[in-house]
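This report concerns only the one structure given below.
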Amino acid sequence: MSARPPAPPFTHDMSLARTIQPTNHPAAHSHQRASSSQPHRFPNPSGTSSLTLTQISADLSYVLFEKARHRNLSLNPTAPTPTEEGPRSTTNSSDAVKNSLGKRKAGKNRDRFDASLPEGSESRTRPTPYSSSLTPALSPLRPHCLARDRLRLWKPAYTRPNIDNLGRQNTVTTEDVERINQLIINAWTPKTLESYGAGLLVYHVFCNRKDIPEEQRAPASQVLMASFVSSIAGAYAGQSVSNYLYGVRAWHILHGVPWSINEPEMEALLKAADKVAPSTSKRKKRRPYTPDFITAVQRHLDLNDPLDAAVDACLSTTFYTAARLGEFTVPRLDAFWPEEHIKPSDVRHETDRNGLKSTVFHIPRTKTQPIEGEDVSWSAQHGPTDPERSLNNHLKVNEPPANGHLFAYKYKNTHRPLTKPKFLQRLAKAARDADLDPLQGHGIRIGATLEYLRGIPFDVVKVKGRWSSDAFILYLTKHAQILAPYMQAIPEVHETFMHLTMPRLIR
145 MSARPPAPPF THDMSLARTI QPTNHPAAHS HQRASSSQPH RFPNPSGTSS
195 LTLTQISADL SYVLFEKARH RNLSLNPTAP TPTEEGPRST TNSSDAVKNS
245 LGKRKAGKNR DRFDASLPEG SESRTRPTPY SSSLTPALSP LRPHCLARDR
295 LRLWKPAYTR PNIDNLGRQN TVTTEDVERI NQLIINAWTP KTLESYGAGL
345 LVYHVFCNRK DIPEEQRAPA SQVLMASFVS SIAGAYAGQS VSNYLYGVRA
395 WHILHGVPWS INEPEMEALL KAADKVAPST SKRKKRRPYT PDFITAVQRH
445 LDLNDPLDAA VDACLSTTFY TAARLGEFTV PRLDAFWPEE HIKPSDVRHE
495 TDRNGLKSTV FHIPRTKTQP IEGEDVSWSA QHGPTDPERS LNNHLKVNEP
545 PANGHLFAYK YKNTHRPLTK PKFLQRLAKA ARDADLDPLQ GHGIRIGATL
595 EYLRGIPFDV VKVKGRWSSD AFILYLTKHA QILAPYMQAI PEVHETFMHL
645 TMPRLIR
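Here the sequence shown is numbered in my numbering, starting from 145 and rising by one per residue.
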């Protein structure tokens, strides 16, 4: 009986100090196949239940194909891919790839391989200095860069092997391997990459403090990751601990390094970390915005001022679309990306067959739909909070460029995109001028949900707010005033409550 072939070794990268170069600069890449050193063999990391690199297929299928197909690939990594299922699936796969990987040339002779991949937007922002408590040891593996670039630019000691299952050298070029990384990075949104980058920094500072050698940091063992989680538990919020762990996991996936973790143990550790999180990390109860609050704030905004006009329009639009504030603002002045943020060209007007009008906003990329984006909408309202009036005023005062930020405002001789910090800062000042306590940004979405729930069935509000689950019902338990009318000792109100809460097929 022949011996089982050994597991494929990993290659020790001798050029780890290099920064990844964009693939559109051929001169920056070597066309030689990676074989600069003898392969290094790893023992299989221990763990009774493993999260292995087969989950790469789940991450990629989420980007390339619809969610239903993604679930099938996640549960059965060996299942045939769409191109193996026959002509019908091949057509669907081609359409999905066309939508997600950029434009292709029309016609029968278009190239079906190595299509151009979306590239991250260049930022002129310089990375800020590390804090004194989170400064990693100097290493050519970890250049000083923005948090969102760390997953890509920070290299493990061992990278993706360019060998087959028998340990033989592949004919895949260095550029082909780089293309794998260039594709995988699109599995995560810029915001997620930034969060994961923060976690990767904490992980390497932890490894420095514990004198963990580079070759043991990736692939990371179960005991190392368990030690990492237990070390930062009690100092960070439970959600932060979870994000940091999954940031290290994403780093392994991106660079083709095995990830083998005891999932039940890790779930227990994360649950415990959430319970021991410091009280200072707990978010304060976020109070909801109301039409009365918005009206009071508006009285202290100068609607002829470019910034105030943009803030007013952004507030009313975010409220009446029940959107997330980050979907209508940008994080920083240099962080506007046309392919991600809403623009005047993404706004359209629709009229149904009953003559009812609505204004629709297409958000190019959202938390749940990073490829196709989502539509949100509002209709004109009575009173001073009317979003139609506010938007028209903003467009008149600021004249934002068609392909610029929707709520860009005039500043000197140019336009500035409306940042989330600037928006909240201006609202906070207006609230204090009105003798009101400033509210947090997420309170807009909470307030919109509660406002619509006063007269619209729960299932309609669920669609309006784009919830895939009943998570929004959590708002009801925290805001008794919504349920108060239905808890009075008046029999008639129970019928109204059932009408609002139960779907028609059940009533």
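We treat Cβ as the ideally placed atom computed from N, Cα and C, and that holds for glycine.
Report yes if the C-beta distance between Leu-571 and Ala-454 is below 9 Å; otherwise report no. no
Can you tell which of Arg-361, Trp-522 and His-506 has the C-alpha that lies nearest to the C-alpha of Leu-459? Trp-522
Tell me whether Leu-345 is buried or exposed, calling it buried when 16 or more other Cβ atoms sit within 10 Å of its Cβ. buried
Taking the beta strand (DSSP E) that Glu-411 belongs to, which residues open and close that run? That residue, Glu-411, is in no beta strand (DSSP E); its alpha helix (DSSP H) goes 407-419.
Cα-Cα, which of Ala-364, Ile-515, Leu-539 and Asn-406 is closest to Ala-301? Ala-364
Pop quiz: Leu-414 and Val-367 are said to be a contact at Cβ under 8 Å. What is the actual Cβ separation, rounded to whole angstroms? Not really, about 16 Å apart at Cβ, beyond 8 Å.
By Cβ distance, which residues of its chain are closer than 6 Å to Thr-269, with the 5 residues on each side in sequence left out? Asp-478
Of the listed residues Thr-510, Asn-306, Leu-261 and Pro-482, nearest to Ala-546 (C-alpha basis): Pro-482
Put Tyr-553 into one of helix, strand or coil per three-state DSSP. strand
Residue range of the beta strand (DSSP E) that Lys-573 falls in? It is not in any beta strand (DSSP E) - Lys-573 instead sits in the alpha helix (DSSP H) that spans 564-577.
Quick one: what's got a C-beta closer than 7 Å to Pro-170's C-beta in the same chain, skipping five residues either side? Caution applies to Pro-170, whose pLDDT of 37 falls short of 50 and renders its modelled position unreliable; the value that the coordinates give is listed next. No residues qualify anywhere along the chain.
Only counting the same chain, and skipping five residues up and downstream in sequence, which positions put a Cβ closer than 8 Å to that of Lys-564? Leu-469, Gly-470, Thr-473, Val-474, Pro-475 and Gly-585
Roughly how many whole angstroms lie between the Cα atoms of Asp-593 and Pro-435? One point to set straight first is that residue 593 is Thr, not Asp, in the sequence displayed. So the two alpha carbons sit approximately 12 Å from each other.
With DSSP collapsed to three states, give me the class of Ile-507. strand
Alpha carbon to alpha carbon, how far is Ile-329 from Lys-335? 12 Å
Please report the straight-line C-alpha distance between Thr-303 and Val-321, rounded to a whole angstrom. 10 Å
Would Thr-315 be called buried (16 or more neighbouring beta carbons within 10 Å of its own) or exposed? exposed
In angstroms with no decimal places, state the Cα-to-Cα distance between Ala-379 and Thr-503. 45 Å
Provide the residue span of the beta strand (DSSP E) that contains Glu-518, from first to last. 518-522
Whole angstroms is fine: what's the gap from Ala-578's alpha carbon to Gln-569's? 14 Å
If you drop the 5 nearest sequence neighbours on each side, which residues of the same chain put their C-beta closer than 7 Å to that of Gln-442? Asp-456 and Pro-528
Neighbourhood of Pro-682 by C-beta distance below 8 Å, restricted to the same chain and skipping five residues each side: Any question about residue 682 goes unanswered here, given that the chain covers just 145 to 651.
Should Asn-557 go down as buried or exposed, given a rule of 16 or more other Cβ atoms within 10 Å for buried? exposed
Spatially closest choice to Phe-257 from Cys-289, Ala-281, Arg-323 and Ala-291, by CA coordinates: Arg-323
Does any residue of chain B bring its CB to less than 9 Å from the CB of Pro-531? Included in the structure is just one protein chain, with no chain B present.
Take Val-392 and list the residues in its own chain whose beta-carbon comes closer than 6 Å to its own, dropping the five residues that flank it on each side. Tyr-347
Under three-state DSSP, which class holds Gln-525? coil
At what residues does the alpha helix (DSSP H) containing Val-455 begin and finish? 450-465
Helix, strand or coil for Thr-495, going by three-state DSSP, please let me know. strand
Which residues DSSP lists as bridging Gln-383, in chain order: In the DSSP output, where bridge partners are listed per residue, Gln-383 has none listed.
How is Ala-161 classed by DSSP in three states: helix, strand or coil? In this prediction, Ala-161 has a pLDDT of 36, which is less than 50 and means its spatial position is unreliable; nothing more can be read from the coordinates.
Whole-angstrom distance between Thr-512 and Arg-560, CA atom to CA atom: 27 Å
Going by DSSP, which residues form a beta bridge with His-559? Lys-554
Is it right to say Thr-439 is buried, meaning 16 or more other beta carbons lie within 10 angstroms of its own, or is it exposed? exposed
Roughly how many whole angstroms lie between the Cα atoms of Val-520 and Lys-487? 13 Å
Continuous alpha helix (DSSP H) stretch holding Phe-372: start and end: 366-376
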